[in-house]
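**Q** Taken in order, these protein sequences are the chains called L and D.
Sequential numbering of the first sequence, starting at 1, is according to our numbering.
Sequential numbering of the second sequence, starting at 422, is according to our numbering.
My structure is below; once you've seen it, I'll send some questions.
Number of protein chains: 2
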Amino acid sequence: MQHLRHHNKNFDIAVLTTGDELLNGELADTNTGTIAASLANYGYKLRCSLSVPDQEKEIEAALRYLTEHVKVVIVTGGLGSTGDDLTARAAARATGQQLAINELALEMVHSWFRKRNRAMEPSNERQALLPLGAQPLPNRIGTAPGFRLQKDGCELFFLPGVPNEMQAMFEQSVLPALKELHPPAPARQQRNFKLFGLPEPKIDSMIPYRQLPEGVDVAFALDYPLVLVKLRADGDDAAQKLDRAEAILQPLLGDHIMARDEETPEGNVGKLLSNANLSLSLAESCTGGLVASLFTSQPGASAFLERCAVTYADSAKQDWLQVPLPLLQQHGAVSEQCARAMAIGLRHATGTDLALAITGIAGPDGGTAEKPVGTVFIALASQEGVHVKRYQFNGERSKVQRMSAFMALEWLRRFALRLQN
Amino acid sequence: MQHLRHHNKNFDIAVLTTGDELLNGELADTNTGTIAASLANYGYKLRCSLSVPDQEKEIEAALRYLTEHVKVVIVTGGLGSTGDDLTARAAARATGQQLAINELALEMVHSWFRKRNRAMEPSNERQALLPLGAQPLPNRIGTAPGFRLQKDGCELFFLPGVPNEMQAMFEQSVLPALKELHPPAPARQQRNFKLFGLPEPKIDSMIPYRQLPEGVDVAFALDYPLVLVKLRADGDDAAQKLDRAEAILQPLLGDHIMARDEETPEGNVGKLLSNANLSLSLAESCTGGLVASLFTSQPGASAFLERCAVTYADSAKQDWLQVPLPLLQQHGAVSEQCARAMAIGLRHATGTDLALAITGIAGPDGGTAEKPVGTVFIALASQEGVHVKRYQFNGERSKVQRMSAFMALEWLRRFALRLQN
Numbered sequence: 001m002q003h004l005r006h007h008n009k010n011f012d013i014a015v016l017t018t019g020d021e022l023l024n025g026e027l028a029d030t031n032t033g034t035i036a037a038s039l040a041n042y043g044y045k046l047r048c049s050l051s052v053p054d055q056e057k058e059i060e061a062a063l064r065y066l067t068e069h070v071k072v073v074i075v076t077g078g079l080g081s082t083g084d085d086l087t088a089r090a091a092a093r094a095t096g097q098q099l100a101i102n103e104l105a106l107e108m109v110h111s112w113f114r115k116r117n118r119a120m121e122p123s124n125e126r127q128a129l130l131p132l133g134a135q136p137l138p139n140r141i142g143t144a145p146g147f148r149l150q151k152d153g154c155e156l157f158f159l160p161g162v163p164n165e166m167q168a169m170f171e172q173s174v175l176p177a178l179k180e181l182h183p184p185a186p187a188r189q190q191r192n193f194k195l196f197g198l199p200e201p202k203i204d205s206m207i208p209y210r211q212l213p214e215g216v217d218v219a220f221a222l223d224y225p226l227v228l229v230k231l232r233a234d235g236d237d238a239a240q241k242l243d244r245a246e247a248i249l250q251p252l253l254g255d256h257i258m259a260r261d262e263e264t265p266e267g268n269v270g271k272l273l274s275n276a277n278l279s280l281s282l283a284e285s286c287t288g289g290l291v292a293s294l295f296t297s298q299p300g301a302s303a304f305l306e307r308c309a310v311t312y313a314d315s316a317k318q319d320w321l322q323v324p325l326p327l328l329q330q331h332g333a334v335s336e337q338c339a340r341a342m343a344i345g346l347r348h349a350t351g352t353d354l355a356l357a358i359t360g361i362a363g364p365d366g367g368t369a370e371k372p373v374g375t376v377f378i379a380l381a382s383q384e385g386v387h388v389k390r391y392q393f394n395g396e397r398s399k400v401q402r403m404s405a406f407m408a409l410e411w412l413r414r415f416a417l418r419l420q421n
Numbered sequence: 422m423q424h425l426r427h428h429n430k431n432f433d434i435a436v437l438t439t440g441d442e443l444l445n446g447e448l449a450d451t452n453t454g455t456i457a458a459s460l461a462n463y464g465y466k467l468r469c470s471l472s473v474p475d476q477e478k479e480i481e482a483a484l485r486y487l488t489e490h491v492k493v494v495i496v497t498g499g500l501g502s503t504g505d506d507l508t509a510r511a512a513a514r515a516t517g518q519q520l521a522i523n524e525l526a527l528e529m530v531h532s533w534f535r536k537r538n539r540a541m542e543p544s545n546e547r548q549a550l551l552p553l554g555a556q557p558l559p560n561r562i563g564t565a566p567g568f569r570l571q572k573d574g575c576e577l578f579f580l581p582g583v584p585n586e587m588q589a590m591f592e593q594s595v596l597p598a599l600k601e602l603h604p605p606a607p608a609r610q611q612r613n614f615k616l617f618g619l620p621e622p623k624i625d626s627m628i629p630y631r632q633l634p635e636g637v638d639v640a641f642a643l644d645y646p647l648v649l650v651k652l653r654a655d656g657d658d659a660a661q662k663l664d665r666a667e668a669i670l671q672p673l674l675g676d677h678i679m680a681r682d683e684e685t686p687e688g689n690v691g692k693l694l695s696n697a698n699l700s701l702s703l704a705e706s707c708t709g710g711l712v713a714s715l716f717t718s719q720p721g722a723s724a725f726l727e728r729c730a731v732t733y734a735d736s737a738k739q740d741w742l743q744v745p746l747p748l749l750q751q752h753g754a755v756s757e758q759c760a761r762a763m764a765i766g767l768r769h770a771t772g773t774d775l776a777l778a779i780t781g782i783a784g785p786d787g788g789t790a791e792k793p794v795g796t797v798f799i800a801l802a803s804q805e806g807v808h809v810k811r812y813q814f815n816g817e818r819s820k821v822q823r824m825s826a827f828m829a830l831e832w833l834r835r836f837a838l839r840l841q842n
């Protein structure tokens, strides 16, 4: 952090998140990531992020430290109406200002309640207690106004901790102010590839680093079960460099790339199915609706997804999927035979082009020597017939469920791609 | 942060997470939260958390800063085999040590590959390059060993960034070391309540703060659509104080508490249904399997969940739920009539005690003046008959979906509770 001193010519930005819940493990901080992503879009860089508890002295100390080292501090949290909301007081102490009712902020709070025909709680008035000299920032969504302050050439923005309120205020008030303070640079350019089916060291060994254009960085991240490969370059010719790097990597890794940049695997598979005019039905047992839920988290899923049966009970497999009882009795619900029968029965019942079935043991219980936890069968029925495969996935329940769901997406992707070619 | 100086008698612990992806918005940091929660279980407090990019100098500067101010630093990330994994080098510089192949660490990497009968990539050898004097920490899950170092009375632990590897190594190596360094204190005690159906200021206004025992703190957090209310107390009589506070709050808020502490609403509703011997089937349209996916993320869902139909297409509503075509034509799939017919048809098809149906417009498209985005109908069929209600939820697609799913859980909770009484 002392290293920051050497960079004070840059337009350095820091995020300070406040809240006991961020440091005692109750809640994960998402605000830092949201702010960071938005800043990156305009070529601004986040220099560091810091989290401190809901203690006035800790917030004050963090503010003092950061204002000495960066040009802009964006603070989230502690603006609410309850007793643990101490940020305004800490800001007043850190900037040597008194705390007073800010009339503009008070009017913002009043107007929020008026517009919604709701009664204002007395505690909401506290939200207008701001350091003298602060400019209130409107909150379109919640009751707590934000505010802006200056100290020793550092600009401080105070936003609520609730993610959607924070984000709306950041876009409405902070971004325009940043653009005035420091014109946005051409952003560092980046391409992201989301790969399925190869471990990170294997991917690393497949990348011909020496052939990549100079100035192209490669970085890795994991979003189980996907490995993210990120190419980055700076400068005016960044796009061309990345194009060249991509042309080199595409033949080597392209087969495993499920999505790029802002795309999601589920969104892309959905588009492939829609474009190929393929209708889909799903039968999910151990994944319990996860594949359907992934698909339907995207707008437009109704263009290809006809329906999904989460068939936990054997009776559901018999009724909706026409799996014969003797088959269930002989082979069990987690078997190649059952997966095949589920896919065939589902396709028969629905008349969709594709019918995909998943049955398995997600754990933690239900495993046997022959079929341990992580045993999963996937079956896909189409006019070409039925394909079934047994997998053995590792890890706890949620990992087995996610791996099964993404493997199902991968099957559908490959089917649709094969049709295209 | 300068405030840390005043606390140097305490056993202060800091977390340093490294990774460009944490500061450019690509990936949210979950490691800080995991470590914080685990520390809290043993009465250790996380003093602050810091994130810096994958730059050797930034990591080095952060390490220098933190080692001056706290007793223990837990670092995650940058131990992989790829070029952006620079933590060991930064650690060597920050502690003034040379980097060398650590034989014990190398043997750990080799043995990982041997056990799995997999070929080792040459880049994996880099993972054994550690500062002189470092003690390697075994990694049961991945290839990268962690390590432990001392500097000027500060203990540093370096763990991988991949969450499950980090967590396993934290439990296996870091926690036992912490207990040796500083006996765990009686933890600060905490009770969490997860409330549904009341906004935060309303809850705040309902809490009789003056009646609560002295020393009991109240804090709020939001996990949409739930509001978390947290009671905390220190000292030997913490549990008794919290018991008394809970006894005061229970009659006021109890009706809205869906879960406590580590419980989840979906887990609790599942248990209520299981204990009441109620079988359940679901028909999800706009939530696309989210309710089923919530239930089945918990082990033991098969005890009550018979099946779920994600009926996106009208044909699915006709086949599986026996919704008459004329009804769909006359009222549309998003209508009170359709929700009622779905629940009745589902219960008839499945024979379960309860059949719950959700149909609505999650958006962003599909809204009309009469039925705007956010219009959702929920219907519950039981032997008592059918209950249907229309809702108007706010926000983007994912919020409408989550609110609908939790409202469905709430209906099931209230039904099961009413049976109990």
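No residue lacks a Cβ here, since even glycine has one placed at the ideal position from N, Cα and C.
As the structure is a computational prediction, the values presented were derived from the model and not from experiment.
Please name the residue or residues paired with L:I101 in a DSSP beta bridge.
**A** Along the first sequence, read from residue 1 onward, the residue named residue 101 of chain L stands at position 101. Looking at the DSSP assignment, L:I101 forms a beta bridge with L:L129.
**Q** Relative to the C-alpha of D:G563, which candidate in D:E831, D:G574, D:A668 and D:N585 has its C-alpha closest?
**A** As a first step, residue 563 of chain D must be located in the second sequence, where it is residue number 142. It is D:N585 whose Cα lies nearest to the Cα of D:G563.
**Q** Output the boundary residues of the beta strand (DSSP E) element that contains L:T17.
**A** Along the first sequence, read from residue 1 onward, the residue named residue 17 of chain L stands at position 17. Taken as a continuous stretch (DSSP letters only), the beta strand (DSSP E) holding L:T17 covers I13 to T18.
**Q** L:G289 touches chain D at which residues, Cβ-Cβ below 9 angstroms?
**A** One-based indexing of the first sequence puts residue 289 of chain L at position 289. L703, E705, G709, G710, L711, V712, A713, S714, L715, F716, T717, C729 and V731, listed in chain order.
**Q** Compare the C-beta of L:N8 against all C-beta atoms of chain D and say whether one is closer than 9 angstroms.
**A** Position 8 of the first sequence holds residue 8 of chain L. Annotation note: pLDDT 32 at L:N8 (below 50); position unreliable, no value reported.
**Q** In terms of alpha-carbon separation, which member of D:N698, D:G781, D:L633 and D:Q758 lies closest to D:L833?
**A** In the second sequence, the residue the question calls residue 833 of chain D occupies position 412. The candidate whose alpha carbon is nearest that of D:L833 is D:N698.
**Q** With a CB to CB cut of under 6 angstroms and the five nearest residues on each side skipped, what residues in its chain are close to D:Y812?
**A** For the purposes of this step, residue 812 of chain D is taken as the residue at position 391 of the second sequence. Closer than 6 angstroms at Cβ, skipping near neighbours: V797.
**Q** Just to confirm my understanding: we take L:L39, look at its own chain, exclude 5 residues before and 5 after, and list those with CB closer than 6 angstroms. What are they?
**A** Here residue 39 of chain L is taken as the residue at index 39 of the first sequence, counted from 1. Within the same chain, L:L39 has close Cβ partners L46.
**Q** With H, G and I counted as helix, E and B as strand and the rest as coil, what does DSSP make of D:Q822?
**A** By one-based count along the second sequence, residue 822 of chain D stands at place 401. Of the three classes helix, strand and coil, the one that applies to D:Q822 here is helix, per DSSP.
**Q** Less than 8 angstroms between the CB atoms is what I'm expecting for D:G554 and D:N560, so what's the real figure, rounded?
**A** What you label residue 554 of chain D is simply residue 133 of the second sequence in a count that begins at 1. What you label residue 560 of chain D is simply residue 139 of the second sequence in a count that begins at 1. Not really, about 20 angstroms apart at Cβ, beyond 8 angstroms.
**Q** Should D:T439 be labelled buried (16 or more other beta-carbon atoms within 10 Å of its own) or exposed?
**A** Here residue 439 of chain D corresponds to residue number 18 of the second sequence, with the count starting at 1. That one is buried.
**Q** Count the other CB atoms, across all protein chains shown, that sit within 10 Å of the CB of L:P225; report buried if there are 16 or more and exposed otherwise.
**A** On the first sequence, position 225 is the one that residue 225 of chain L refers to. Classification for L:P225: buried.
**Q** Nearest by alpha-carbon distance to L:V93: which of L:E58, L:H110, L:S123 and L:V386 is it?
**A** Locating residue 93 of chain L in the first sequence gives position 93, where the first residue counts as 1. The question names Val, yet the displayed sequence has Arg at residue 93 of chain L. Closest by alpha carbon: L:E58.
**Q** Taking the alpha carbon of L:A313 as the reference point, which residue from L:A303, L:C338, L:S297 and L:S293 has its own alpha carbon closest?
**A** Within the first sequence, the letter at position 313 stands for residue 313 of chain L. Nearest C-alpha to L:A313: L:C338.
**Q** Quick check: what's the CA-CA separation for D:G464 versus D:D657?
**A** Working through the second sequence from its first residue, we reach residue 464 of chain D at position 43. Working through the second sequence from its first residue, we reach residue 657 of chain D at position 236. Looking at the two C-alpha atoms, the distance is approximately 13 angstroms.
**Q** Does the region 278-295 of chain L come into contact with the region 712-722 of chain D, if we say contact requires no fewer than three beta-carbon pairs (one atom in each stretch) closer than 8 angstroms?
**A** Taking 8 angstroms as the limit for Cβ pairs, the verdict is that the region 712-722 of chain D does touch the region 278-295 of chain L.
**Q** Taking the alpha carbon of L:E284 as the point to measure from, which residue in L:N268, L:L272, L:A355 and L:K241 has its own alpha carbon closest?
**A** On the first sequence, position 284 is the one that residue 284 of chain L refers to. L:E284 has its Cα closest to that of L:A355, out of L:N268, L:L272, L:A355 and L:K241.
**Q** Which residues of chain L have a Cβ atom closer than 7 angstroms to the Cβ of D:R818, listed in chain order?
**A** Residue mapping note: residue 818 of chain D aligns to position 397 of the second sequence, counting from 1. Per Cβ cutoff of 7 angstroms: P299.
**Q** Going by beta-carbon coordinates alone, are L:L156 and D:V583 separated by less than 9 angstroms?
**A** Looking up residue 156 of chain L in the first sequence gives position 156. Looking up residue 583 of chain D in the second sequence gives position 162. No, the Cβ-Cβ distance between L:L156 and D:V583 is not below 9 angstroms.
**Q** If I'm right that D:K572 touches D:T516 with Cβ under 8 angstroms, what's the distance once you round it to whole angstroms?
**A** For this step, residue 572 of chain D is matched to residue 151 along the second sequence. For this step, residue 516 of chain D is matched to residue 95 along the second sequence. With a Cβ gap of about 5 angstroms, D:K572 and D:T516 count as contacting.
**Q** For L:Q55, does the three-state DSSP call read helix, strand or coil?
**A** Within the first sequence, the letter at position 55 stands for residue 55 of chain L. Coil.
**Q** Given L:T32, which residues of its chain have a CB within under 7 angstroms of its CB, disregarding the five upstream and five downstream residues?
**A** Looking up residue 32 of chain L in the first sequence gives position 32. V15, T17 and S49, listed in sequence order.
**Q** Tell me which residues share the same chain as L:S281 and place their Cβ nearer than 6 angstroms to its Cβ, disregarding the 5 neighbours each side in the sequence.
**A** Counting from one through the first sequence, the residue named residue 281 of chain L turns up at place 281. Contacts found: E306, R307, L346, T350, T352 and A355.
**Q** What does L:C48 reach in chain D if we use C-beta pairs closer than 9 angstroms?
**A** As a working note, residue 48 of chain L is residue 48 in the first sequence. Near L:C48 (Cβ distances below 9 angstroms), the residues of chain D are L444, L471, S472, V473, P474, E479 and A483.
**Q** Work out the CA separation of L:M403 and L:N421 for me, nearest whole Å.
**A** Against the first sequence, residue 421 of chain L aligns to sequence position 421. Against the first sequence, residue 403 of chain L aligns to sequence position 403. Each residue's alpha carbon lies about 27 angstroms from the other.
**Q** For L:R5, which residues in the same chain have their Cβ closer than 8 angstroms to its Cβ, ignoring the five residues on either side in sequence?
**A** As a first step, residue 5 of chain L is located in the first sequence; it is residue number 5 there, counting from the start. Note that L:R5 scores 33 on pLDDT, short of 50, meaning its location in the model is unreliable; the coordinates nonetheless yield the value given after this. So the list reads H69, once near-sequence residues are dropped.
**Q** Starting from D:E757, trace the alpha helix (DSSP H) both ways and give me its first and last residue.
**A** Here residue 757 of chain D refers to the residue found at position 336 when the second sequence is read from its first residue. Unbroken alpha helix (DSSP H) run through D:E757: E757 to T771.
**Q** If you count every other CB in all the chains shown that lies within 10 Å of the CB of L:R418, and 16 or more means buried, which is it?
**A** Against the first sequence, residue 418 of chain L aligns to sequence position 418. It counts as exposed.
**Q** Just reading off the alpha helix (DSSP H) that D:N689 is part of, what are its end residues?
**A** Numbered from its first residue, the second sequence carries residue 689 of chain D at position 268. Counting along the chain, the alpha helix (DSSP H) containing D:N689 begins and ends at P686 to N696.
**Q** Applying a beta-carbon distance threshold of less than 8 angstroms, which residues of chain D neighbour L:E121?
**A** Indexing the first sequence from 1 puts residue 121 of chain L at position 121. Ordered by position in chain D, the residues that pass the 8 angstroms Cβ test against L:E121 are P622, K623, D625 and S626.
**Q** What's the call for D:K430, buried or exposed, on a 16-neighbour Cβ count within 10 Å?
**A** Residue mapping note: residue 430 of chain D aligns to position 9 of the second sequence, counting from 1. Low confidence applies here, because D:K430 scores a pLDDT of 35, under 50, leaving its location unreliable; read the following figure in that light. D:K430 comes out exposed.
**Q** Residue ranges of each beta strand (DSSP E) run of no fewer than 3 residues wholly in the region 271-325 of chain L, ordered along the chain?
**A** As far as the region 271-325 of chain L is concerned, its whole beta strand (DSSP E) runs of at least 3 residues are 280-284 and 305-311.
**Q** Mind checking whether D:A837 and D:L801 have CB atoms under 9 angstroms apart?
**A** Counting from 1 along the second sequence, the entry for residue 837 of chain D is found at position 416. Counting from 1 along the second sequence, the entry for residue 801 of chain D is found at position 380. No.
**Q** Does the beta carbon of L:I35 sit closer than 9 angstroms to a beta carbon anywhere in chain D?
**A** On the first sequence, residue 35 of chain L is found 35 positions in, with the first residue counted as 1. Yes, contact with chain D.
**Q** Curious, which full-length beta strand (DSSP E) runs of at least 3 residues does the region 580-648 of chain D contain?
**A** For the region 580-648 of chain D, whole beta strand (DSSP E) runs of length 3 or above, ordered along the chain, are 610-616 and 638-644.
**Q** Could one say the Cβ of L:L228 lies closer than 9 angstroms to chain D's Cβ atoms, at least one of them?
**A** Taking the first residue of the first sequence as position 1, residue 228 of chain L is located at position 228. Closer than 9 angstroms to some Cβ of chain D, the Cβ of L:L228 qualifies, so yes.
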